[in-house]
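Top line first, the protein sequences correspond to chains A and B. Per the numbering used here, residue 1 is the first one in the first sequence, and the count goes up by one each step. Per the numbering used here, residue 1001 is the first one in the second sequence, and the count goes up by one each step. Working notes for the structure below.
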Amino acid sequence: MKLPLLALLLIAATAARADPVQVAVAANFSAPARQIAQDFEKDTGHQAVLAFGATGKFYAQIRNGAPFEVLLAADDETPAKLEKEGAALAGTRFTYAVGRLVLWSAKAGFVDDKGEVLKRGEFRHLALANPRLAPYGAAAVEAMSALKLLDAVQPKFVQAENIAQAHQFVASGNAELGFVALSQVMKDGKLGAGSAWVVPANLHQPIRQDAVILDKGRGKPAAEAWLKFLRSEKARAVIRGYGYEI
Amino acid sequence: MFSPADLAAIWLTLKLATVTTLLLLLIGTPIAWRLARMRSWWKGPLAAVVAMPLVLPPTVLGFYLLLLMGPHGPVGRFTEWLGIGLLPFSFGGLVVASVIYSLPFVVQPLQNAFEAIGERPLEAAATLRASPLDAFFSVAVPLARPGFLTATILGFAHTVGEFGIVLMIGGNIPDKTRVVSVQIYDHVEAMDYAAAHGLAAGMVVFSFLVLLALYLLNSRGRRS
Chain A
1 MKLPLLALLL
11 IAATAARADP
21 VQVAVAANFS
31 APARQIAQDF
41 EKDTGHQAVL
51 AFGATGKFYA
61 QIRNGAPFEV
71 LLAADDETPA
81 KLEKEGAALA
91 GTRFTYAVGR
101 LVLWSAKAGF
111 VDDKGEVLKR
121 GEFRHLALAN
131 PRLAPYGAAA
141 VEAMSALKLL
151 DAVQPKFVQA
161 ENIAQAHQFV
171 ASGNAELGFV
181 ALSQVMKDGK
191 LGAGSAWVVP
201 ANLHQPIRQD
211 AVILDKGRGK
221 PAAEAWLKFL
231 RSEKARAVIR
241 GYGYEI
Chain B
1001 MFSPADLAAI
1011 WLTLKLATVT
1021 TLLLLLIGTP
1031 IAWRLARMRS
1041 WWKGPLAAVV
1051 AMPLVLPPTV
1061 LGFYLLLLMG
1071 PHGPVGRFTE
1081 WLGIGLLPFS
1091 FGGLVVASVI
1101 YSLPFVVQPL
1111 QNAFEAIGER
1121 PLEAAATLRA
1131 SPLDAFFSVA
1141 VPLARPGFLT
1151 ATILGFAHTV
1161 GEFGIVLMIG
1171 GNIPDKTRVV
1181 SVQIYDHVEA
1191 MDYAAAHGLA
1201 AGMVVFSFLV
1211 LLALYLLNSR
1221 GRRS
């Protein structure tokens, strides 16, 4: 085979294999994101490379040149902040999921379906994500103050750095119960293990999780395709299946 | 310059490092002595076990400590049986974890120092009818002084710098488990970079001074 022909074939081959989109995904959304990425690849031919982590850490990395093209944040403040600072593309921001807070215990029957267990206070440790860092932690504090239980329960707080660690504290039994994301304890539309109280949405500000295209994703077809797919009914069905609202 | 929460974290960190270092010297010295005098086949495996915390990532070590010391873990069952409750989320739990985590940093300098003494000074002490215990305290310990110095400083500094384990089993409770490294991490995650820089700068200066003291004291010890 002649060399120019080989070169031509190579160019054609790379052009056909779409450029993958680099997505930074909030840890609480990792399970649905994996599933959506599979469907995305099947349906559009584009590939999505996912990295999971804390939104605050992603913010620092993005501001310092990380190669992410899309951010699926755990809150709505970080994408807005990135947009204001010129690190994200204006007009691409939207809410891809609204998280639900749940009071969960790994023990069956420990948490009743009205959350009375909080009032009785018969536990040593209550795990929650650090309210200063994590939207789910802030929502948990809001809910407890709305119920006028904050002062009584606060001395029993054990704070995790993120919602994944809060889940670990409860799952390992070190904390009898804790506030986690419904998405962490829900599988195929129902509670996986233990006992839980889904905190009524009117007890705290909605936990909006926003997505945005970052500066590195400017003009990348795969990045735009990923956001478009995230809005599709197919992706939304997956998102709802994990206990988010949208 | 530092907020009250920062100061509380600094105080707690110093307390944790001090308690841990004292315990490590108590536990580490007999282990190092034993290892240094050991001639049997068991020396290799035992030294490897002591060095293990160097290999395991701290968050991994912390995760397994959380499982072991939790209500379903053997250590957790034991501490509950003793009536002291569970160790995670308590100062005591952090001390236990730090002792495990910093063990090689204390045992290895001590072991090296004991090995460097050799058999002769101890044999001489024995011929002068010193008991093994007497020989240990009046011959081995003074001769191993640089080793004790290195072990103390490394154990202390390493505990101050500990992060991953505390993060896993601490629960970030003010005055109980919220140490400086976790506080810095919180500042960074909350995007309060000014507060993070202040604490981090303090930590850098502190570790520089500690290590400088180590080198100065050690070189002076060698000259005298």
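Ideal Cβ placement from N, Cα and C applies to all residues, glycine included.
| Check | Outcome |
| --- | --- |
| So is N64 of chain A in contact with chain B if we call contact Cβ pairs under 8 Å? | no |
| List the endpoints of the continuous alpha helix (DSSP H) containing R120 of chain A. | 116-120 |
| In whole angstroms, what separates the C-alpha of A1210 of chain B from that of M1168 of chain B? | For the sequence presented, residue 1210 of chain B should be read as Val rather than Ala. C-alpha separation (whole angstroms): 27 Å. |
| Return the first residue and the last residue of the beta strand (DSSP E) that I213 of chain A is part of. | 207-213 |
| Using a Cβ-Cβ cutoff of 7 Å, what residues of the stretch 1064-1094 of chain B are near chain A? List them in chain order. | L1066, L1067, G1070, P1071, H1072, L1086, P1088, F1089 |
| So, is S1219 of chain B buried or exposed, given that buried needs 16 or more other C-beta atoms within 10 angstroms? | exposed |
| I'd like to know whether the C-beta of E161 of chain A is nearer than 8 Å to at least one C-beta of chain B. | yes |
| Take the Cβ of P1104 of chain B as the centre, count every other Cβ of all protein chains shown within 10 Å, and call the residue buried at 16 or more, exposed below. | buried |
| Do the stretch 1154-1174 of chain B and the stretch 1192-1210 of chain B meet, that is, are 3 or more Cβ pairs less than 8 Å apart? | yes |
| If you drop the 5 nearest sequence neighbours on each side, which residues of the same chain put their C-beta closer than 6 Å to that of S1181 of chain B? | F1163 |
| So, at 6 Å on beta carbons, what are the nonlocal neighbours of A24 of chain A in its own chain, with the 5 sequence-adjacent residues on each side left out? | A51, F58, F68, L71 |
| Going straight from the alpha carbon of A1036 of chain B to that of N1112 of chain B, what length do you get? | 7 Å |
| Can you list, in chain order, the residues of its chain whose CB lies under 8 Å from that of R236 of chain A, leaving out five sequence neighbours each side? | I246 |
| For a contact defined as C-beta to C-beta under 8 Å, what are the partners of N1112 of chain B on chain A? | Per Cβ cutoff of 8 Å: no residues; N1112 of chain B is ~37 Å from chain A at best. |
| Under three-state DSSP, which class holds Y1101 of chain B? | helix |
| Shortest alpha-carbon distance to Q38 of chain A belongs to which of A:Y244, A:G243, A:L230? | A:L230 |
| Of all the alpha helix (DSSP H) runs that stay within the bounds of the stretch 1055-1124 of chain B, which reach a length of 4 or more residues? | 1058-1069, 1074-1082, 1091-1117 |
| For L233 of chain A, name the three-state secondary structure that DSSP assigns. | As written in the sequence, residue 233 of chain A is Glu, which differs from the Leu given in the question. Here E233 of chain A sits in helix by DSSP. |
| Pick helix, strand or coil for V1179 of chain B, following the three-state DSSP scheme. | coil |
| Less than 6 Å between C-beta atoms, sequence neighbours within five positions excluded: which residues of the same chain meet that for L1214 of chain B? | I1153 |
| Nearest by alpha-carbon distance to A247 of chain A: which of A:L118, A:G178, A:A90 is it? | In this structure chain A extends from 1 to 246, so residue 247 of chain A is not present and cannot be described. |
| Anything in the stretch 123-141 of chain A with a Cβ closer than 7 Å to a Cβ of chain B? List those residues in chain order, please. | H125, N130, R132, L133 |
| Report the CB separation of A1017 of chain B from R1178 of chain B in whole angstroms; it is logged as a contact under 8 Å. | No, A1017 of chain B and R1178 of chain B are not in contact; Cβ-Cβ is about 15 Å, not under 8 Å. |
| Which same chain residues, not among the five before or five after L1065 of chain B, have their C-beta less than 6 Å away from its C-beta? | A1097, I1169 |
| Let me see if you follow: with CB-CB separation under 8 Å, is N174 of chain A close to chain B or not? | yes |
| Have a look at G1062 of chain B and L1110 of chain B and give me their C-alpha separation to the nearest angstrom. | 26 Å |
| Which class does V158 of chain A belong to by DSSP, given the choice of helix, strand or coil? | strand |
| Could you check how far apart the C-beta atoms of Q168 of chain A and G1171 of chain B are, in whole angstroms? I think they sit under 8 Å. | Incorrect: roughly 11 Å between the Cβ atoms, too far for contact. |
| Three or more C-beta pairs under 8 Å: does that hold for the stretch 137-144 of chain A against the stretch 197-216 of chain A? | yes |
| Rounded to a whole number of angstroms, what is the C-alpha to C-alpha distance between A1144 of chain B and H1197 of chain B? | 39 Å |
| With DSSP as the reference, label Y96 of chain A as helix, strand or coil. | strand |
| I want to verify the contact list: residues of chain B whose CB lies under 8 Å from the CB of G56 of chain A, in sequence order. | V1188, E1189, A1190, M1191 |
| Excluding the five sequence neighbours on either side, which residues of its own chain have a C-beta within less than 8 Å of the C-beta of K234 of chain A, listed in chain order? | D39, D43 |
| Note down the Cα distance separating A129 of chain A from Q209 of chain A, rounded to an integer number of angstroms. | 16 Å |
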